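Asks: Numbering (UniProt numbering), first residue to last: 1 to 256.
Note that the Cβ used here is the ideal one computed from N, Cα and C, for glycine as well.
Here the structure is a predicted model, which means the values were calculated and not measured.
1. Go ahead and label residue 194 buried or exposed: buried means 16 or more other beta carbons lie within 10 angstroms of its beta carbon, across all protein chains shown.
2. Starting from residue 250, trace the alpha helix (DSSP H) both ways and give me its first and last residue.
3. Ignoring anything shorter than 4 residues, give me the alpha helix (DSSP H) runs that lie fully in the UniProt domain "TonB C-terminal" (166-256), in order along the chain.
4. Under 7 Å Cβ to Cβ from residue 219, same chain only, skipping five residues before and after it: list those, please.
5. Give me the DSSP bridge partner(s) of residue 96.
6. With 16 other CB atoms within 10 Å as the buried threshold, where does residue 54 fall?
7. Going by other Cβ atoms of all chains shown within 10 Å of its Cβ, with 16 needed for buried, is residue 240 buried or exposed?
8. Can the beta-carbon of residue 244 be found less than 9 Å from the beta-carbon of residue 178?
9. So, is residue 225 buried or exposed, given that buried needs 16 or more other C-beta atoms within 10 angstroms?
10. Of all the CB atoms in chain B, is at least one closer than 9 Å to the CB of residue 88?
11. Name, in chain order, the residues that DSSP records as bridge partners for residue 163.
12. Rounded to whole angstroms, what's the CA-CA distance from residue 229 to residue 102? Just pull it up for me.
13. Which residue wins for smallest C-alpha separation from residue 165, given the options 205, 196, 157 and 190?
14. Looking at the unbroken alpha helix (DSSP H) that takes in residue 61, where does it start and where does it end?
15. What's the gap between the Cα of residue 25 and the Cα of residue 57?
16. What is the C-beta distance between residue 180 and residue 211, in whole angstroms, given that I count them as a contact (C-beta under 8 Å)?
17. Which value, in whole angstroms, describes the spacing of the CA atoms of residue 157 and residue 221?
18. Name the residue from 231, 44 and 248 whose alpha carbon lies nearest to the alpha carbon of residue 213.
19. Taking the C-alpha atoms as reference points, what is the distance between residue 73 and residue 80?
20. Tell whether a beta-carbon distance below 9 Å holds between residue 250 and residue 196.
21. Count the other CB atoms, across all protein chains shown, that sit within 10 Å of the CB of residue 167; report buried if there are 16 or more and exposed otherwise.
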C-alpha cells in the first residue's frame with residue numbers, strides 16, 4: 001500500500017511539472033564540448049529513496065510495538081478464591097408443648113333487680129289452743145301485769161285478741177326491702193321466703209323480731225328482720241282493750 005501511494009504521488013507530480021513547464025530547449029554545448037547534467041527535483045530524489053524510507057518506517061513501527069509490549073504493565077487478575085468453612089451442627093431447642101386454651105367461661109347472667117313485696121292485707125296465721133298446748137305456755141305469773149308483759153316479750157306466745165293488727169306503711173316497707181336485698185343474692189337470681197315473728201305493743205310498734213322459718217340464706221333472714229323493725233301496725237284488740245301480741249308474717253324476696 002505504501003508503494004502504491006508513492007507511485008500515485010509521483011504520477012501527480014509529473015503531470016503537474018509537465019503542464020506548468022515549457023518544453024525544454026536542447027542544452028547548448030559548452031565551450032568544452034560537454035553537455036551539462038539536468039538537476040534532480042525533490043520529487044525525483046524522493047522517488048529514488050522511497051524504498052529506504054519505507055523500510056525505515058516499518059522498522060520504526062516494529063520498534064514502537066515491541067516497546068509497547070515490553071513496557072506495558074502486566075495484567076494480573078485479582079485473587080477471588082475463598083475457603084469453605086465446615087458446617088456446624090446446631091441442636092434445636094426442645095419443642096415446647098403449648099397447653100390447649102382454657103374452656104370458655106360462661107358469661108355471668110345479667111343481674112336483675114329483685115323485689116320484695118308485702119300485701120296490704122296481711123293474713124296472720126290463726127292461733128289456737130291446739131297449736132299452742134298448755135305445756136308450751138309459760139308458768140302463771142306471780143306478780144302483776146308488768147310481769148305478764150315481760151314474759152310475753154321473751155318468746156312467741158299465744159295472746160288472745162279479737163281484732164288483728166294491720167300493716168300501715170306497706171309502701172315504705174317495700175322500698176326498705178328493695179334497699180336491703182343482699183346484692184350478691186339478687187345478682188345471682190336467688191330469692192326466698194322468710195317467716196318472721198313480730199312482737200307488737202299496744203300502740204302497734206314492733207318491739208322484737210324472731211325468725212320462725214328460715215329461707216336457707218342467713219343474709220335474707222337478717223334483711224327480713226332488719227326491715228321488720230320498720231313496720232308500723234294498727235293496735236291489736238282483745239274486745240275493747242289494746243293488747244301486746246306476737247304475729248307471724250311471711251316476707252318474700254323475689255327476682256324478676
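Replies: Looking at the atomic coordinates:
1. Counted from its first residue, the chain shown places residue 194 at position 194. Buried is the call here.
2. Along the chain shown, read from residue 1 onward, the residue named residue 250 stands at position 250. Note, residue 250: premise wrong, no alpha helix (DSSP H); beta strand (DSSP E) at 245-255.
3. Those alpha helix (DSSP H) runs which fall completely within the UniProt domain "TonB C-terminal" (166-256) and span 4+ residues are 170-180, 183-187 and 218-228.
4. Counting from one through the chain shown, the residue named residue 219 turns up at place 219. These residues qualify, in order along the chain: 182 and 185.
5. In the chain shown, residue 96 corresponds to position 96, counting from 1. DSSP output for residue 96 lists no bridge partner at all.
6. Working through the chain shown from its first residue, we reach residue 54 at position 54. Classification for residue 54: exposed.
7. Numbered from 1 along the chain shown, position 240 holds the residue referred to as residue 240. By the Cβ-count criterion, residue 240 is exposed, with fewer than 16 other Cβ atoms from all chains shown falling within 10 Å of its own Cβ.
8. Translated into the one-based positions of the chain shown, residue 244 becomes position 244. Translated into the one-based positions of the chain shown, residue 178 becomes position 178. By the CB criterion at 9 Å, residue 244 and residue 178 fall outside the cutoff.
9. Walking along the chain shown from the start, residue 225 turns up at place 225. Buried, since its Cβ has 16 or more Cβ neighbours within 10 Å.
10. The displayed structure is made up of one protein chain only, and chain B is not part of it.
11. For this step, residue 163 is matched to residue 163 along the chain shown. DSSP, once it has assigned bridges, lists 237 as partnering residue 163.
12. Numbered from its first residue, the chain shown carries residue 229 at position 229. Numbered from its first residue, the chain shown carries residue 102 at position 102. If you take the alpha carbons of residue 229 and residue 102, they lie about 49 Å apart.
13. Position 165 of the chain shown holds residue 165. Ranked by how close their Cα comes to the Cα of residue 165, the residues 205, 196, 157 and 190 have 205 in first place.
14. As a working note, residue 61 is residue 61 in the chain shown. That run of the alpha helix (DSSP H) goes 42-71.
15. As a working mapping, residue 25 is identified with position 25 in the chain shown. As a working mapping, residue 57 is identified with position 57 in the chain shown. Interpretation of residue 25 is limited by its pLDDT of 47, a score under 50 that renders its predicted location unreliable; the figure taken from the coordinates is listed afterwards. So the two alpha carbons sit approximately 40 Å from each other.
16. Your numbering for residue 180 matches position 180 in the chain shown. Your numbering for residue 211 matches position 211 in the chain shown. The pair is not a contact, with the Cβ atoms about 15 Å apart (cut-off 8 Å).
17. Start at 1 with the first residue of the chain shown, and residue 157 comes out as number 157. Start at 1 with the first residue of the chain shown, and residue 221 comes out as number 221. Between the C-alpha atoms of residue 157 and residue 221 there is a straight-line separation of about 21 Å.
18. Here residue 213 refers to the residue found at position 213 of the chain shown. When each option's Cα is compared against that of residue 213, the closest is 248.
19. For this step, residue 73 is matched to residue 73 along the chain shown. For this step, residue 80 is matched to residue 80 along the chain shown. So the alpha carbons of these two residues sit roughly 21 Å apart.
20. In the chain shown, the residue the question calls residue 250 occupies position 250. In the chain shown, the residue the question calls residue 196 occupies position 196. Their beta carbons are under 9 Å apart, which means residue 250 touches residue 196 by this criterion.
21. Here residue 167 refers to the residue found at position 167 of the chain shown. Classification of residue 167: buried, given that the 10 Å Cβ count is 16 or more.
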